[in-house]
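Novice:
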Amino acid sequence: MSTSSHVFDAIACNNNRTRPVKDSAAVKHVGIVIYDGFSLLAAGTLAEALHVANELQFEAQSRSLTYRVNLLSVRGGTVSCSSSMSVWTEQLAGREFDSLDNLFVTGGSGVARASADDGLIDLLRRVSAKSVTITAIGNAQMLLSAAGLGKRDWPSIKQGIRAESPPSVPEHERDQALMSSLALLRRDLGAELAVRVADRLGSAGEISLAGSFEEMCDQTLAEKARASARWLAQNCSKPISVVDAARMFSMSERNFLRLFKREIGLTPSKYLLRARLELTCKLLESSDLPVDKIARRTGLSNGERLSKLFRKEFSMSPTEFRGRSRKRL
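FYI, in the numbering used here the residues of the sequence shown are 40 to 368.
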């Protein structure tokens with residue numbers, strides 16, 4: 040993992056300092072909610088991005104906003120991540136919710152168990168009632184759904200239905216956490232600083248971040264739609280979603296869907312699927328990779344799903360397409 044341990048050391052030191060009053064325009068309080076089995080990669084990336092934003096402002100002697108980051112859990116104390124490393128947290132219940140400006144909730148292998156924790160779910164509801172901005176990273180959407188704060192895409196654990204977390208994709212966890220933090224930085228400090236943070240940190244999954252933020256500067260709505268289409272095409276091999284694209288371009292999902300369809304002529308999901316199928320065709324023609332491996336390389340999860348989509352779009356299997364394309368050569 041690229042996140043340096045000094046980021047978590049800095050968080051621990053912040054917890055012991057006297058906190059400035061919330062009315063201070065120079066400080067923004069950001070909480071990162073974690074639980075046993077959380078993704079250390081996602082939490083570390085969020086913390087590091089905000090830490091770098093503080094450093095860049097200090098270097099430029101233009102510190103207009105300082106981010107104060109705290110690791111939070113429902114009971115406080117030691118919490119273990121999915122790789123069994125332990126970190127120290129503040130108790131979320133012991134904090135004044137009004138002191139929080141933004142709250143990030145990380146995903147991880149323990150998200151299903153955390154979703155059954157009534158104490159955590161109740162706290163998320165109470166924080167939301169205080170109008171604190173809550174952002175889920177990766178499969179943490181499951182926690183928000185359990186709290187009634189997001190789309191109910193997951194079965195209810197309380198009804199005795201076993202809820203499985205989606206497979207963990209470490210590189211994607213870092214990219215999504217980085218995108219979410221960059222969107223916050225752009226809103227607070229402008230696109231220029233967000234681009235500098237993206238340049239400093241880079242992207243483990245090679246998602247084009249800095250370039251996309253540069254494109255966002257001074258764009259018309261039509262330009263923003265075209266830029267988002269390019270971003271979807273450039274990153275279609277990654278497990279990205281339409282929600283990721285909307286966050287990337289600082290838009291609500293609803294407005295993004297409406298703008299994209301109006302300007303591009305397709306919904307973002309159909310455009311993304313088309314880009315993935317085009318990449319699939321190229322890989323079928325130019326490589327001997329198994330269909331299942333091609334599916335993973337094109338963001339289509341597995342060979343079974345790829346085959347169903349391929350038959351629906353082209354009325355043939357991927358193997359048949361590969362055979363026909365090579366006969367033409």
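Don't be surprised by glycine CBs; every beta carbon is placed ideally from N, CA and C.
Decide if G362 is buried, meaning its Cβ has at least 16 other Cβ atoms within 10 Å, or exposed.
Specialist: Looking at its Cβ environment, which holds fewer than 16 other Cβ atoms inside 10 Å, G362 is exposed.
Novice: Taking all protein chains shown into account, do 16 or more other C-beta atoms lie within 10 angstroms of the C-beta of R286, making it buried, or fewer, making it exposed?
Specialist: That one is buried.
Novice: Where does Q96 sit, in a helix, a strand or coil, going by DSSP?
Specialist: In this structure, Q96 counts as helix in the three-state DSSP scheme.
Novice: Could you give the DSSP three-state label for N109: helix, strand or coil?
Specialist: In the structure shown, N109 sits in a strand (DSSP, three-state: E or B).
Novice: Would you tell me roughly how many angstroms separate the C-alpha atoms of I333 and C275, rounded to the nearest one?
Specialist: Distance between the alpha carbons of I333 and C275: 12 Å.
Novice: Give the DSSP bridge partners of K67, in chain order.
Specialist: Y106, per the DSSP bridge assignment.
Novice: Do you know how far the Cα of D75 is from the Cα of F360?
Specialist: Computed Cα separation, rounded: 46 Å.
Novice: List the whole-angstrom C-beta distance separating V144 from L182, where the pair is believed to meet the contact cut-off of C-beta under 8 Å.
Specialist: Their Cβ separation, rounded to whole angstroms, is 6 Å, which keeps V144 and L182 in contact under 8 Å.
Novice: Assuming I173 is part of the beta strand (DSSP E), what are its boundary residues?
Specialist: Here the beta strand (DSSP E) through I173 covers T172 to A175.
Novice: Let me make sure I understand the geometry here. Which of E292, F288 and V72 has the alpha-carbon closest to that of L139?
Specialist: Comparing Cα positions, the closest option is V72.
Novice: Apply the 10 Å Cβ neighbour rule to T174 and answer buried if 16 or more other Cβ atoms are within range, or exposed otherwise.
Specialist: With 16 or more Cβ atoms within 10 Å of its Cβ, T174 is classed as buried.
Novice: CB-CB under 6 Å to S119, same chain, minus the five flanking residues each way: which ones, in chain order?
Specialist: D75 and S125.
Novice: Hey, quick one: how far does the alpha helix (DSSP H) through T358 stretch, first residue to last?
Specialist: Looking at the DSSP string, the run of the alpha helix (DSSP H) that includes T358 is P357 to K366.
Novice: How is F288 classed by DSSP in three states: helix, strand or coil?
Specialist: Coil, per DSSP.
Novice: How about L311 and V330: do their beta carbons lie closer than 8 Å?
Specialist: It is not a contact, given that the beta carbons lie outside the stated cut-off.
Novice: Looking at C-beta atoms only, is the number of pairs between the segment 89-107 and the segment 215-230 that lie closer than 8 Å three or more?
Specialist: Touching, yes.
Novice: Name the DSSP beta bridge partners of D77, please?
Specialist: Here the sequence assigns Phe to residue 77, which means Asp is not the residue at that position. DSSP lists C120 as partners of F77.
Novice: Verify whether the separation of the beta carbon atoms of L369 and V236 is less than 8 Å.
Specialist: Lying before the first or after the last residue shown, residue 369 is absent from the chain, which here runs from 40 to 368.
Novice: So, for S121: in the same chain, excluding its five sequence neighbours on each side, which residues have a beta-carbon less than 8 Å away from its beta-carbon?
Specialist: Cβ neighbours of S121 beyond the five flanking positions: G76, F77, S78, L79, G147, S148, G149 and S207.
Novice: In angstroms, rounded to a whole number, what distance separates the CA positions of R315 and S340?
Specialist: So the alpha carbons of these two residues sit roughly 11 Å apart.
Novice: Indicate the three-state DSSP secondary structure (helix, strand or coil) for T128 in the structure shown.
Specialist: Correct three-state label for T128: strand.
Novice: Report the residue ranges of all alpha helix (DSSP H) runs contained in full by the segment 284-356; include only those spanning at least 4 residues, in chain order.
Specialist: The qualifying runs are 292-303, 307-325, 330-336 and 342-353.
Novice: Can you look up V142 in the DSSP assignment and give me helix, strand or coil?
Specialist: Checking the sequence shown, residue 142 turns out to be Leu, not Val. The answer is strand: DSSP assigns L142 an E or B state.
Novice: Nearer than 7 Å: is that true of the beta carbon of S356 relative to any heavy atom of the ligand PLP?
Specialist: The ligand content of the structure shown is nil, which means the ligand PLP is not present either.
Novice: Report yes if the C-beta distance between L188 and L159 is below 8 Å; otherwise report no.
Specialist: Not a contact, by the Cβ cut-off of 8 Å.
Novice: Determine the direct distance from the alpha carbon of T172 to that of V166, and round the result to whole angstroms.
Specialist: Cα to Cα, V166 sits roughly 9 Å from T172.
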